[in-house]
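Following: one structure in structure tokens, then a few remarks.
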Amino acid sequence: MSKVAERILLRHRDIPGLKKFDIYMKDGGFKTFKKVVSKKQDQNEIKNIVHDSGLRGRGGAGFPTGLKWKFVDNNNWPHYLVVNADESEPGTFKDREIMQENPWQFLEGIMISAYAISANDIYIYLRGEFWEIAAQLDKQIKKLKKEGLLGENLFGTDYSLMIHTHLGAGAYICGEETALLESIEVKLGQPRLRPPFPPVVGLFGKPTVINNVETLANVALIVEKGSDWYSGIGTDKSAGTKVFSLSGRVKNPGNYELPMGTPFRTLIYELGGGIIDDRPIKAIMPAGASSSIIPVTEEVLDTPMDYESLPGVGGDLGSASVIIIDDTVDMPWLINKTMDFFKHESCGKCTPCREGTFWMHKLTERIQRGEGSAKDVELLLDVANQVSAKTICALGEFSKQAVITAIERFPQEFEDKVGEKISFGKTEG
Amino acid sequence: MNKLLQNYSKEIKMIMAKYPEGQERAAVMPLIYLAQRNDNHVTKDELADIAEITGMSTTEVASIVGFYTLFYDEQEGKYRIQVCNDLPCALRGADEFLDELCENVGIKVGETTEDGLITIEGVKCLAGCHNAPMFQLQSPMGIEYHEKQTLETALELIKELRKMEGKNE
Ligand SMILES: Cc1cc2nc3c(=O)[nH]c(=O)nc-3n(C[C@H](O)[C@H](O)[C@H](O)COP(=O)(O)O)c2cc1C
Ligand code: SF4
Ligand code: FES
Numbered sequence: 047m048s049k050v051a052e053r054i055l056l057r058h059r060d061i062p063g064l065k066k067f068d069i070y071m072k073d074g075g076f077k078t079f080k081k082v083v084s085k086k087q088d089q090n091e092i093k094n095i096v097h098d099s100g101l102r103g104r105g106g107a108g109f110p111t112g113l114k115w116k117f118v119d120n121n122n123w124p125h126y127l128v129v130n131a132d133e134s135e136p137g138t139f140k141d142r143e144i145m146q147e148n149p150w151q152f153l154e155g156i157m158i159s160a161y162a163i164s165a166n167d168i169y170i171y172l173r174g175e176f177w178e179i180a181a182q183l184d185k186q187i188k189k190l191k192k193e194g195l196l197g198e199n200l201f202g203t204d205y206s207l208m209i210h211t212h213l214g215a216g217a218y219i220c221g222e223e224t225a226l227l228e229s230i231e232v233k234l235g236q237p238r239l240r241p242p243f244p245p246v247v248g249l250f251g252k253p254t255v256i257n258n259v260e261t262l263a264n265v266a267l268i269v270e271k272g273s274d275w276y277s278g279i280g281t282d283k284s285a286g287t288k289v290f291s292l293s294g295r296v297k298n299p300g301n302y303e304l305p306m307g308t309p310f311r312t313l314i315y316e317l318g319g320g321i322i323d324d325r326p327i328k329a330i331m332p333a334g335a336s337s338s339i340i341p342v343t344e345e346v347l348d349t350p351m352d353y354e355s356l357p358g359v360g361g362d363l364g365s366a367s368v369i370i371i372d373d374t375v376d377m378p379w380l381i382n383k384t385m386d387f388f389k390h391e392s393c394g395k396c397t398p399c400r401e402g403t404f405w406m407h408k409l410t411e412r413i414q415r416g417e418g419s420a421k422d423v424e425l426l427l428d429v430a431n432q433v434s435a436k437t438i439c440a441l442g443e444f445s446k447q448a449v450i451t452a453i454e455r456f457p458q459e460f461e462d463k464v465g466e467k468i469s470f471g472k473t474e475g
Numbered sequence: 046m047n048k049l050l051q052n053y054s055k056e057i058k059m060i061m062a063k064y065p066e067g068q069e070r071a072a073v074m075p076l077i078y079l080a081q082r083n084d085n086h087v088t089k090d091e092l093a094d095i096a097e098i099t100g101m102s103t104t105e106v107a108s109i110v111g112f113y114t115l116f117y118d119e120q121e122g123k124y125r126i127q128v129c130n131d132l133p134c135a136l137r138g139a140d141e142f143l144d145e146l147c148e149n150v151g152i153k154v155g156e157t158t159e160d161g162l163i164t165i166e167g168v169k170c171l172a173g174c175h176n177a178p179m180f181q182l183q184s185p186m187g188i189e190y191h192e193k194q195t196l197e198t199a200l201e202l203i204k205e206l207r208k209m210e211g212k213n214e
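Residue numbers (my numbering), protein chains in the order written: chain S, 47 to 475; chain G, 46 to 214.
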């Protein structure tokens, strides 16, 4: 049995009452923030600590956090830190727990991060449904002001810092970082063409760092304990712990914080309690609705969950929202569900994604209703393959993952559904 | 006269203070939320008020209302029960839950009860997949999550809402 390793992000499960300001303070809260600001610690030093820790973005792309911070243009002011709390990938529910249950550590993390990139204003962009969390954060921000931890000329230095919450209003695309910026600026939430990248031209045209909630919730402890401490957890290239959101056909769905590189088996069978009714597991979607569908074998169950290992079994770690599929679930139904989502969420800015999601949805609908033919499945695969890298943002790419991998890896289920043999000739190679 | 500004002058001042000078349009989404607070939708007059405050055209504000799923330009139920039936929840019985709930209330998915009080609809992932079946209740008070639901708990909530409204009327 593997022991439950040290928790960094979900420490509220180990320290009762951590959600309360006094308890967080007793635990050494805001000491690190106070120290770096009052000692006027060199910003580059903090960027280096985070860079050397090996921390990578938890919003899905796994981009090295310290490196992103180093791209911030120091010839253009002011700078902004934008926190991505849009959390809308189906199967993802970790940022919500972090903000709700461990809010002070999250806030200290974003405050140190803002200092590191010389930003005086932080915007936390929350999905509109997180209305209650935003209200709670507003109260906590007020408290920090009262305690002298936010505001003008902190601890007698010339550094000032303020945090603002901003609610989205129900649009998955606003989790994409440039659509998020457009959404704050109220120019319809549609992605921007890049370059320029946000660290050069971001919010209100100014240099901006955008990071995910979970990414930044690590920062206070990394700066306090040092980069070696953090890089010693997890694997060589995927440092630290990760909160895995486990959902679908398992007995104990929920968030589990584990060192990067923990095998699927530990998550699904030891912690998740195995499959409902002890049925056979069929497939895993490791990155929410945007995932490739990985057929499960013993080898897959022993695969370490980290950025480097997943491509070896035909998937990606993404946001680590692990959806479990058992033998009661049919693939034609499943891809119709994912297409319901993507058709609804495509922002419509580029043709391949707008048209592609529309047609893929129509076809999956027909096939799943039992009215499709082999030709429909072939056409579906063809349309999916044409939603290529020509799109402005990654949503187009995400939308076709489940469709392509379901048909290619579980062809029998589609043949049974349409009652004919499917020919893959056209799309192979 | 700008009614929105009149009714919520303090709130609007606080909202505007969040954004740098010259970026007033960033206040549009918070202002739409404010306008929706009473009756869960934005009226034509309120669109014009928001446009005036932020220096945008009414059409531009209307297009923002149209883009986002949590903004409404028509009044449906005063309370909206939005059941998540996206993939992870559907794997744990959310579609059946949604259908049964509607059947018991006597409406189809997406419809509003005759008394105009309750709309029940299916929505995309709400970041509560581990607690399916679950829904959010959108009401004049804001958005509230209800997780690990059963048909009984959901019907109980609807009963309470009806009772509360009966008292207020
Ligand atoms: C369609 C789409 C949706 C996304 N949704 C989210 C989201 O909800 N939360 C998030 O943190 N990142 C999301 N991302 C990733 C962001 O664009 C961005 O990479 C991330 O916020 C960067 O932060 P990180 O480096 O800390 O991961 C999304 C990306 C795409 C293409
Ligand atoms: S890929 Fe889709 S979501 Fe992304 S910009 Fe194009 S239309 Fe919008
Ligand atoms: S799928 Fe329903 S809350 Fe995530």
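All C-beta atoms, glycine included, are put in the ideal place defined by N, C-alpha and C. Note that the structure is predicted; figures quoted are calculated from it, not measured.
Residue-level contact to chain S via CB, residue i, 8 angstroms cutoff
i, result
"G:M74", "yes"
"G:D131", "yes"
"G:Q120", "no"
"G:R125", "no"
"G:G187", "yes"
"G:C170", "yes"
"G:G173", "yes"
Cutoff 8 angstroms: residue i Cβ touching any chain G Cβ
i, result
"S:H210", "yes"
"S:L213", "yes"
"S:W123", "no"
"S:Y218", "yes"
"S:H390", "yes"
"S:R479", "In this structure chain S extends from 47 to 475, so residue 479 of chain S is not present and cannot be described."
"S:S293", "yes"
"S:S337", "no"
"S:E175", "yes"
"S:G475", "Residue confidence for S:G475 is low, a pLDDT of 39 falling below 50, so the modelled location carries little weight; the figure read from the coordinates is stated next. With 8 angstroms as the cut-off, S:G475 does not count as an interface residue toward chain G."
"S:S134", "yes"
Alpha-carbon spacing of residue i relative to residue j, whole angstroms
i, j, result
"G:G138", "G:V128", "11 angstroms"
"S:V255", "G:A135", "36 angstroms"
"S:V50", "G:N52", "Only weak support is given to the placement of S:V50: the predicted model assigns it a pLDDT of 49, under 50, and the question is left unresolved by the model."
"G:H86", "G:G122", "10 angstroms"
"G:K55", "G:V150", "40 angstroms"
"S:V21", "S:E52", "Nothing about residue 21 of chain S can be reported from this structure: the residues present for chain S run from 47 to 475 only."
"G:Q68", "S:F250", "8 angstroms"
"G:C170", "S:F243", "29 angstroms"
"S:M47", "S:E154", "At S:M47 the pLDDT is 37, less than 50, meaning the model places this residue with poor confidence; the figure from the coordinates comes in the next sentence. Rounded to the nearest angstrom, the two C-alpha atoms are 34 angstroms apart."
"S:V359", "G:V110", "43 angstroms"
"G:T157", "G:I163", "5 angstroms"
"S:M157", "S:N257", "13 angstroms"
"S:R59", "S:N148", "9 angstroms"
"S:D428", "S:P357", "23 angstroms"
"S:W379", "S:Q432", "22 angstroms"
"S:G106", "S:A452", "21 angstroms"
"S:E354", "G:K89", "53 angstroms"
"S:K389", "G:R70", "29 angstroms"
"S:F117", "S:P245", "6 angstroms"
"S:A181", "S:E316", "36 angstroms"
"G:L79", "S:T78", "37 angstroms"
"S:K252", "G:Y64", "13 angstroms"
"G:E205", "G:D160", "15 angstroms"
"S:G465", "S:Q414", "12 angstroms"
"S:P341", "S:S367", "16 angstroms"
"S:L207", "S:K188", "13 angstroms"
"S:L262", "S:F152", "7 angstroms"
Anticipated Cβ contact below 8 angstroms, residue i with residue j, distance rounded
i, j, result
"S:Y171", "S:L234", "About 15 angstroms separates the two Cβ atoms, so there is no contact after all."
"S:S291", "S:K140", "5 angstroms"
"S:N120", "S:V259", "Not confirmed; about 26 angstroms, so no contact."
"S:V128", "S:Y169", "5 angstroms"
"S:F310", "S:V346", "6 angstroms"
"S:A448", "S:I381", "5 angstroms"
What ranges does the alpha helix (DSSP H) occupy inside the stretch 364-452 of chain S, keeping only unbroken runs of at least 4 residues that lie completely in it?
377-391, 397-414 and 420-432
Segments assigned alpha helix (DSSP H), at least 4 residues, entirely inside the stretch 177-214 of chain G:
Runs of the alpha helix (DSSP H) inside the stretch 177-214 of chain G: 196-213.
Quick check on the DSSP output: what are the complete alpha helix (DSSP H) runs of length 4 or more inside the stretch 313-366 of chain S, in order along the chain?
344-347
At 4 residues or longer, and completely inside the stretch 145-186 of chain S: list those alpha helix (DSSP H) runs for me, N to C.
149-162
Segments of 3+ residues assigned as beta strand (DSSP E) that fall wholly inside the stretch 118-148 of chain G
124-129
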